[in-house]
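Engineer: Protein chains in written order, with my numbering: chain A, 15 to 24; chain B, 288 to 506. A virtual CB, placed ideally from N, CA and C, is assigned to each residue, including glycine.
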């Protein structure tokens with residue numbers, strides 16, 4: 015994913 | 288994982304369970320905004336698309352599925368289950384037309400893609416971040432209109448607000464303790480806006496706990 019978004023967070 | 292995020296997630300789960308308990312126990316949806324619940328369902332579905340693409344942990348997946356499933360259950364109870372269905376007062380739940388919430392958030396998410404580069408999953412994820420920030424507004428407005436707040440409804444919103452406040456502490460913790468942690472300013476901004484929306488509620492909630500009386504909002 016390009017944004018390094020914290021997808022591990024809920 | 289850190290203590291702030293864990294307790295935050297558990298507060299979030301507790302809030303959803305409290306709302307389910309309120310609906311089951313009182314068989315009554317008065318004081319509850321269906322719009323807020325539907326916006327939250329849209330938030331979860333859009334944000335957790337990664338359930339299909341990336342596995343993080345059993346904890347992470349279970350919580351995501353629970354948030355989606357339990358919110359869908361709340362909506363089902365309010366829309367379709369007698370006698371709860373008859374107690375939902377749509378005329379009090381009119382503040383925000385859903386399209387006026389969704390359209391600006393979709394536009395903002397598209398704009399964010401111009402900055403970050405386009406990625407379908409990120410588009411939905413950013414949309415969910417913006418939408419979550421305002422999803423509680425219809426619920427807060429309904430509370431204002433009813434004034435007298437049932438205990439379980441009050442606890443529901445308290446735990447939801449606590450979850451948001453704990454996530455801010457989680458970001459501060461992560462930025463200090465995780466090597467190479469990337470700041471995500473969109474998330475910080477939306478998270479702070481969202482938490483600020485609860486400040487007024489927290490104030491009156493705290494006063495009513497202190498006095499030990501009924502929880503009601505000023506006119």
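Nearest to residue 315(B) by CA position, among 469(B), 452(B), 293(B), 436(B), is which residue?
Structural biologist: Stepping through the second chain from its first residue, residue 315(B) is reached at position 28. Per the Cα distances, 436(B).
Engineer: Can you give the Cα-Cα distance for residue 243(B) and residue 339(B), rounded to whole angstroms?
Structural biologist: Past the edges of chain B, shown from 288 to 506, lies residue 243(B), and the structure says nothing about it.
Engineer: Near residue 321(B), which residues of its chain fall below 8 Å by C-beta distance, leaving aside the five closest residues on each side in sequence?
Structural biologist: The residue given as residue 321(B) occupies position 34 in the second chain. So the qualifying residues of the chain are 362, 365, 366, 375, 377, 380.
Engineer: According to DSSP, which residues form a beta bridge with residue 503(B)?
Structural biologist: Locating residue 503(B) in the second chain gives position 216, counting from the first residue. Answer is 435(B).
Engineer: Would you call the CB atoms of residue 22(A) and residue 343(B) closer than 7 Å?
Structural biologist: Taking the first chain and counting its residues from 1, one reaches residue 22(A) at position 8. Taking the second chain and counting its residues from 1, one reaches residue 343(B) at position 56. Yes, they are a contact pair.
Engineer: Taking Cβ positions only, does residue 296(B) come closer than 7 Å to chain A?
Structural biologist: Your numbering for residue 296(B) matches position 9 in the second chain. Judged by the 7 Å Cβ criterion, residue 296(B) is in contact with chain A.
Engineer: Assess, as a yes-or-no matter, whether the region 429-449 of chain B is touched by the region 485-500 of chain B under the definition of 3 or more beta carbon pairs within less than 8 Å.
Structural biologist: The region 485-500 of chain B vs the region 429-449 of chain B: in contact.
Engineer: Our contact map puts residue 419(B) next to residue 330(B) with C-beta atoms below 8 Å; I'd like the distance itself, whole angstroms only.
Structural biologist: Counting from 1 along the second chain, the entry for residue 419(B) is found at position 132. Counting from 1 along the second chain, the entry for residue 330(B) is found at position 43. Sure, about 5 Å apart at Cβ, within 8 Å.
Engineer: Excluding sequence positions up to five away, which residues of its chain have a Cβ less than 7 Å from the Cβ of residue 498(B)?
Structural biologist: In the second chain, residue 498(B) corresponds to position 211, counting from 1. Excluding positions up to five away in sequence, the list is empty.
Engineer: Considering only their Cβ atoms, is the gap separating residue 392(B) from residue 414(B) smaller than 7 Å?
Structural biologist: By 1-based counting over the second chain, the position of residue 414(B) is 127. By 1-based counting over the second chain, the position of residue 392(B) is 105. Their beta carbons are under 7 Å apart, which means residue 414(B) touches residue 392(B) by this criterion.
Engineer: Going by C-alpha to C-alpha distance, which of 296(B), 292(B), 384(B) sits closest to residue 325(B)?
Structural biologist: The residue labelled residue 325(B) in the question sits at position 38 within the second chain. Nearest option by C-alpha distance: 384(B).
Engineer: For a contact meaning CB atoms closer than 8 Å, what does residue 341(B) contact in chain A?
Structural biologist: On the second chain, residue 341(B) is found 54 positions in, with the first residue counted as 1. Result: 21.
Engineer: According to the neighbour-count rule (16 or more other Cβ atoms, all chains shown, within 10 Å of its Cβ), is residue 299(B) buried or exposed?
Structural biologist: The sequence position of residue 299(B) within the second chain is 12, counting from 1. Flag for residue 299(B) reads buried.
Engineer: Let's see if you can read the secondary structure: which residues bound the alpha helix (DSSP H) around residue 364(B)?
Structural biologist: As a first step, residue 364(B) must be located in the second chain, where it is residue number 77. Unbroken alpha helix (DSSP H) run through residue 364(B): 345-367.
Engineer: What do you get for residue 453(B), buried or exposed, if any count of 16 or more other CB atoms within 10 angstroms of its CB means buried?
Structural biologist: Taking the second chain and counting its residues from 1, one reaches residue 453(B) at position 166. Classification for residue 453(B): buried.
Engineer: Determine the chain A residues that contact residue 451(B) at a beta-carbon separation under 9 Å, and present them in chain order.
Structural biologist: Numbered from its first residue, the second chain carries residue 451(B) at position 164. Going along chain A, no residue has its Cβ under 9 Å from residue 451(B), so there is no contact; the nearest lies around 12 Å.
Engineer: Please identify, using Cβ separations under 9 Å, the residues of the region 351-375 of chain B that lie next to chain A, in order along the chain.
Structural biologist: Correct list: 351, 354.
Engineer: Nearest-angstrom Cα distance between residue 461(B) and residue 369(B)?
Structural biologist: Along the second chain, read from residue 1 onward, the residue named residue 461(B) stands at position 174. Along the second chain, read from residue 1 onward, the residue named residue 369(B) stands at position 82. In a straight line, the C-alpha of residue 461(B) is about 45 Å away from that of residue 369(B).
Engineer: Going by the CB atoms, is the gap between residue 456(B) and residue 291(B) shorter than 7 Å?
Structural biologist: As a first step, residue 291(B) is located in the second chain; it is residue number 4 there, counting from the start. As a first step, residue 456(B) is located in the second chain; it is residue number 169 there, counting from the start. Contact flag set, yes.
Engineer: Could you check the C-alpha separation between residue 15(A) and residue 288(B) for me, to the nearest Å?
Structural biologist: Within the first chain, the letter at position 1 stands for residue 15(A). Within the second chain, the letter at position 1 stands for residue 288(B). In this predicted model, residue 15(A) has a pLDDT of only 47, less than 50, meaning its place in the structure is not dependable; the value taken from the coordinates is given anyway. Using only the alpha carbons, I get a separation of about 21 Å.
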